[in-house]
Amino acid sequence: MALHWLSTPEVLTLITSARPTTCPLDPIPSNLLQTIAPDILPFLTHFINTSLTSGHFPNSLKEARVDPLLKKPTLNPSDVINYRPVSLLPFLSKTLERAVFKQLSCYLHQNNLLDPHQSGFKAGHSTETALIAVTEELHTAKAASLSSVIILLDLSAAFDTVNHQILLHTLQELGVSGSALSLLTSYLKDPTYRVTWRGSESDPCQLTTGVPQGSVLGPLLFSLYTNSLGSVISPHGFSYHCYADDTQLILALPTSRTWLNRAPQHVHSALHQPNGSLHPRCEGDPSSHQQKHVGLLSWLQDGGMSSH
Numbered sequence: 019m020a021l022h023w024l025s026t027p028e029v030l031t032l033i034t035s036a037r038p039t040t041c042p043l044d045p046i047p048s049n050l051l052q053t054i055a056p057d058i059l060p061f062l063t064h065f066i067n068t069s070l071t072s073g074h075f076p077n078s079l080k081e082a083r084v085d086p087l088l089k090k091p092t093l094n095p096s097d098v099i100n101y102r103p104v105s106l107l108p109f110l111s112k113t114l115e116r117a118v119f120k121q122l123s124c125y126l127h128q129n130n131l132l133d134p135h136q137s138g139f140k141a142g143h144s145t146e147t148a149l150i151a152v153t154e155e156l157h158t159a160k161a162a163s164l165s166s167v168i169i170l171l172d173l174s175a176a177f178d179t180v181n182h183q184i185l186l187h188t189l190q191e192l193g194v195s196g197s198a199l200s201l202l203t204s205y206l207k208d209p210t211y212r213v214t215w216r217g218s219e220s221d222p223c224q225l226t227t228g229v230p231q232g233s234v235l236g237p238l239l240f241s242l243y244t245n246s247l248g249s250v251i252s253p254h255g256f257s258y259h260c261y262a263d264d265t266q267l268i269l270a271l272p273t274s275r276t277w278l279n280r281a282p283q284h285v286h287s288a289l290h291q292p293n294g295s296l297h298p299r300c301e302g303d304p305s306s307h308q309q310k311h312v313g314l315l316s317w318l319q320d321g322g323m324s325s326h
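The opening position of the sequence shown corresponds to residue 19 in the working numbering, with each subsequent residue numbered one higher.
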């Protein structure tokens, strides 16, 4: 897959169809930029096409402004854990991201490369899609006189766990190459952010892992990062479904006390077997089949995964 040029009408649609956002990093307010876009369209088109064809994401567009927001009014405001970071990105940055997103998502759908069991970040899918899929699994097991054990897994700070090297390797395996791979490599390289709090602003901080919060490409890249989940889980006898970073594992067992008592042991063994593909610690060549999936499922690494 390689990125292609956009025509001036395509660029104009890209800019004027976007929701105006407020970001202090924008030199021109987004609503004003949309108004004058027809008059400066040749320059905007040149800017976007230069990035697409050169494979370079401008450094000036990789800075975010982060505002901490208290999750609930009833929470203790003196505890940092009670805040949710709201990331504001430049309007032109998100415009360029949309140009890449459109071509990348089209390529992935045309070649059927997305995990069919992932309902998040996908057009025509929702939490209802995930709920229906899980319910159908449970009904199917019941019809076969089986009992089901469902394990709900959640990843803390999901987007922050993405390992860039593993993500780029995954993109290559999916056929992303040329200017597309170069631009995504540039996009992930050394983004920065500043935190604003009560009129004060921090020094810039550099991100070495994760995908940018509040970005257009972030959710799709995270979805691709966990794309091999099925090939890791299925050999252990589980079925699964995902919505974004929430994963439901379903294990159907014969309805007997003996089998049900064995279920926790089976789950523990699958997650911790020394040489298994779900084991969070595995040394050796990361390009091997088993190691690759361990890496891609870094949400099992470093204690990031919690079960409920």
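Yeah, the Cβ is synthetic: ideal placement off N, Cα and C, and Gly gets one too.
Fill in: the stretch 71 to 87 / the stretch 101 to 118 touching (three or more Cβ pairs under 8 Å)
yes
Worksheet item: At which residue ranges does the stretch 177 to 250 contain complete beta strand (DSSP E) runs of 3 or more residues, listed in the order of the chain?
Response: 210 to 215
Practice prompt. Compute the Euclidean distance between the alpha carbons of glycine 196 and tyrosine 243, then round it to the nearest angstrom.
Written response: 19 Å
Worksheet item: Does the stretch 138 to 157 come within contact of the stretch 255 to 272, defined as at least 3 CB pairs closer than 8 Å?
Response: yes
Worksheet entry | Neighbourhood of leucine 87 by C-beta distance below 6 Å, restricted to the same chain and skipping five residues each side | Arg102, Val104
Discussion item. Taking the beta strand (DSSP E) that glutamine 266 belongs to, which residues open and close that run?
Written reply: 264 to 272
Worksheet entry | Straight-line gap, aspartate 44 to lysine 89 (C-alpha atoms, nearest Å) | 26 Å
Worksheet item: In whole angstroms, what separates the C-alpha of isoleucine 184 from that of threonine 214?
Response: 31 Å
Worksheet item: Do the stretch 129 to 138 and the stretch 55 to 67 meet, that is, are 3 or more Cβ pairs less than 8 Å apart?
Response: no
Worksheet item: Can you tell which of Ser48, Leu156, Leu192, Pro253 has the C-alpha that lies nearest to the C-alpha of glutamine 266?
Response: Leu156
Item to complete: Classify alanine 175 as helix, strand or coil using the three-state DSSP reduction.
Response: If DSSP states are grouped into helix, strand and coil, alanine 175 belongs with coil.
Worksheet item: So what does DSSP say about alanine 161, is it helix, strand or coil?
Response: helix
Worksheet item: What's the gap between the Cα of phenylalanine 119 and the Cα of asparagine 100?
Response: Going from the Cα of phenylalanine 119 to the Cα of asparagine 100 covers about 32 Å.
Discussion item. With DSSP as the reference, identify every bridge partner of histidine 166, one or two as the case may be.
Written reply: The amino acid occupying residue 166 in the given sequence is serine; histidine does not appear at that position. Note: serine 166 sits in a beta bridge opposite Ala270.
Item to complete: Assuming histidine 143 contacts glycine 248 (C-beta within less than 8 Å), just tell me the rounded distance between them.
Response: The pair is not a contact, with the Cβ atoms about 16 Å apart (cut-off 8 Å).
Worksheet item: Exposed or buried, which one is glutamate 146 when buried takes at least 16 other CB atoms within 10 Å?
Response: exposed
Worksheet item: arginine 37 by DSSP, collapsed to three states: which one?
Response: If DSSP states are grouped into helix, strand and coil, arginine 37 belongs with coil.
Practice prompt. Quick one: which unbroken beta strand (DSSP E) runs of 3-plus residues sit fully inside the stretch 80 to 127? Chain order, please.
Written response: 81 to 88, 101 to 106
Discussion item. Given a cut-off of 9 Å on the beta-carbon distance, is the pair leucine 70 and histidine 22 in contact?
Written reply: yes
Discussion item. The beta strand (DSSP E) that contains serine 257, what's its start and end?
Written reply: Here the beta strand (DSSP E) through serine 257 covers 257 to 261.
Worksheet entry | Beta-carbon contacts of methionine 19 that lie in its chain and below 6 Å, excluding the five residues immediately before and after | Tyr125, Gly193, Val194, Ala198
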